[in-house]
Amino acid sequence: SQQGEEDPQALSIQEGENATMNCSYKTSINNLQWYRQNSGRGLVHLILIRSNEREKHSGRLRVTLDTSKKSSSLLITASRAADTASYFCATDRSGYSTLTFGKGTMLLVSP
Amino acid sequence: DTEVTQTPKHLVMGMTNKKSLKCEQHMGHRAMYWYKQKAKKPPELMFVYSYEKLSINESVPSRFSPECPNSSLLNLHLHALQPEDSALYLCASSQGLAGPSTDTQYFGPGTRLTVL
């Protein structure tokens, strides 16, 4: 069963704009990861945030985690056409040792 | 080398065929995974191998048979598949030290399988 739910399902923006994607989950977690997938290809790990962290940065990426609301957000600043992809959050579940991926957000960045 | 390779890239098979998907990594990772991904859906975990032993089978039908011949290779043997098994099959690996949920997973490009 899916643990994470991303929203929006699809997002279309212009180059240079910021893109924000949200992920909500249902049960307590140890950590949350974000992955990117270009059309029909493998997934690429972007960032991992632990349950005791509130914010993490990596280049143009900023991830926040609010365990009280069971939600996370991924912000991509100054987007580029190359950022066009699907973005998935992935969570573990306490007591389980595997990742469960959310439904994903499809991001389209137009030049 | 941070690459996970998968062969073939595309596979078309009939319901009576037997075929195999192959996955290889040379990062010294001790955990390897098979995922199934249908169009516009997230990847769904099928199997996890840890130190060359099957540690997790997510109730996958027996027509899918995984094999881990050594720490670098992972196979998925396919037999008597159904058209609904058509999907992108992704292999991933991770260090295997902290557990599948904490490790960063490195994904291969996938095999696009079509069952006729």
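Protein chains in written order, with the working numbering: chain F, 1126 to 1236; chain S, 13 to 128. Glycine residues also receive a C-beta, built at the ideal position from the N, C-alpha and C atoms.
Problem set entry | Residue-chain proximity (S/Phe59, chain F), Cβ-Cβ < 8 Å | The beta carbon of S/Phe59 does not come within 8 Å of any beta carbon belonging to chain F, so the residue lies off that interface.
Exercise. In terms of DSSP beta bridges, what is S/Tyr101 paired with?
Worked result: Answer is S/Lys48 and S/Thr123, bridged to S/Tyr101.
For this session: Starting from the C-beta of F/Ser1196, find all residues in its chain whose C-beta is less than 6 Å away, skip the five residues before and the five after it, and write them out in chain order.
Result: Same-chain partners within the cutoff: Ser1149.
Exercise. Closer than 8 Å, CB to CB, is S/Phe76 near chain F or not?
Worked result: Output row for S/Phe76: interface = no.
Exercise. Taking the alpha carbon of F/Phe1226 as the point to measure from, which residue in S/Arg75, S/Lys50, S/Lys21 and S/Thr126 has its own alpha carbon closest?
Worked result: Nearest C-alpha to F/Phe1226: S/Lys50.
Exercise. So, is F/Thr1216 buried or exposed, given that buried needs 16 or more other C-beta atoms within 10 angstroms?
Worked result: With 16 or more other Cβ atoms within 10 Å, it is buried.
For this session: Could you please give the first and the last residue of the uninterrupted beta strand (DSSP E) stretch that includes F/Gln1139?
Result: Residue range Ala1135 to Gln1139 is occupied by the beta strand (DSSP E) that includes F/Gln1139.
Exercise. Run through DSSP, which three-state label would F/Glu1178 get?
Worked result: Coil, per DSSP.
Exercise. Just reading off the beta strand (DSSP E) that F/Arg1187 is part of, what are its end residues?
Worked result: Leu1186 to Asp1191 is the extent of the beta strand (DSSP E) around F/Arg1187.
Problem set entry | Other residues of its chain near S/Pro55: CB distance less than 8 Å, five sequence neighbours each side excluded | In chain order, Tyr47, Lys48, Gln49 and Leu102 place their CB closer than 8 Å to the CB of S/Pro55, counting only its own chain and leaving out the 5 sequence neighbours on each side.
For this session: Pick out whichever of F/Trp1159, F/Asn1155, F/Glu1140 and F/Ile1154 has its Cα sitting closest to the Cα of F/Ser1211.
Result: F/Ser1211 has its Cα closest to that of F/Trp1159, out of F/Trp1159, F/Asn1155, F/Glu1140 and F/Ile1154.
Exercise. Quick one: what's F/Ala1210 bridged to in DSSP?
Worked result: In the DSSP assignment, F/Ala1210 forms a beta bridge with F/Leu1232.
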